[in-house]
Amino acid sequence: MGMVVHVQQIGDKFAAFIPPELVDELGLVDGSELEIGPVDKPKASATRYATVEETLGAFEDTLPQHEAAYRELAK
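Each residue of the sequence shown is one higher than the one before, counting from 1235 in this note's numbering.
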């Protein structure tokens, strides 16, 4: 059974956030080193959320289309 470990870039280094149950299972303590070996098919995913500015910008770009539709409905 696999576990999800979240990775975050901090400056030019990466930090892995390991679930507490895995920390306990592996007996890790502050300063522990964890060797990660190769896996058959590594899976990695990243979720990027839009910033408020990007969301508002995308909304503002569509305003003319919405305005035209509202004018049609108002007729």
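Even for Gly, the Cβ is constructed at its ideal location relative to N, Cα and C. Source: prediction; values computed, not measured.
From the DSSP output, read off the bridge partner residues of residue 1249.
1242
CB residue 1257 to CB residue 1250, shorter than 7 Å?
no
Using DSSP with H/G/I as helix, E/B as strand and the rest coil, what is residue 1268?
coil
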